[in-house]
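Participant: My questions will all concern the structure given below.
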Amino acid sequence: MLERRFFFYAALVFTFLIAFGKFSTPSPVAAAPDPCPGGTLAPGGGEDIVLTAPCSAGAGTFHYGNVNIVNGGSLT
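As C-alpha cells, then:
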C-alpha cells in the first residue's frame, strides 16, 4: 500500500514539474526590446543584448553585459 502511494505522489509531482516548468521561463530574446533601433546602438544600461541584424556603435562609452551576435547580426 505504501509503495502505491509513493508512486502515485511521485507521478503527480513529476507531472506538475513538467507541466509548469515549460511555461515558467520566458525566452530572453522574445522579452527584450530591440537593442539597436534604426541600426544604431544606444549607450545601454548594463543589460545583456542579442543582435540579429547589422548594428552600428558610434564613438563613446557603451555599458552592456553579454553581447551575443547571431543569425546574420553584426556590430561595427
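Under the working numbering, think of the first position of the sequence shown as 313, with each following residue one higher.
Using N, Cα and C, we set each Cβ at its ideal position, and we do this for glycine too.
With C-beta atoms as the reference, is Thr364 less than 7 Å away from Val382?
Facilitator: Counting from one through the sequence shown, the residue named residue 364 turns up at place 52. Counting from one through the sequence shown, the residue named residue 382 turns up at place 70. Yes, the Cβ-Cβ distance between Thr364 and Val382 is below 7 Å.
Participant: Per DSSP, Ile381 is paired with what?
Facilitator: Walking along the sequence shown from the start, residue 381 turns up at place 69. Per DSSP, Leu363.
Participant: Would you tell me roughly how many angstroms separate the C-alpha atoms of Thr352 and Gly370, rounded to the nearest one?
Facilitator: Residue mapping note: residue 352 aligns to position 40 of the sequence shown, counting from 1. Residue mapping note: residue 370 aligns to position 58 of the sequence shown, counting from 1. If I take the Cα positions, the gap works out to 8 Å.
Participant: So is the beta-carbon of Pro355 under 6 Å away from any non-hydrogen atom of the ligand MG?
Facilitator: The ligand MG is absent from the structure shown, which contains no ligands of any kind.
Participant: From the DSSP output, which residues share a beta bridge with Thr352?
Facilitator: Taking the sequence shown and counting its residues from 1, the one referred to as residue 352 is at position 40. Paired residues: Ser368.
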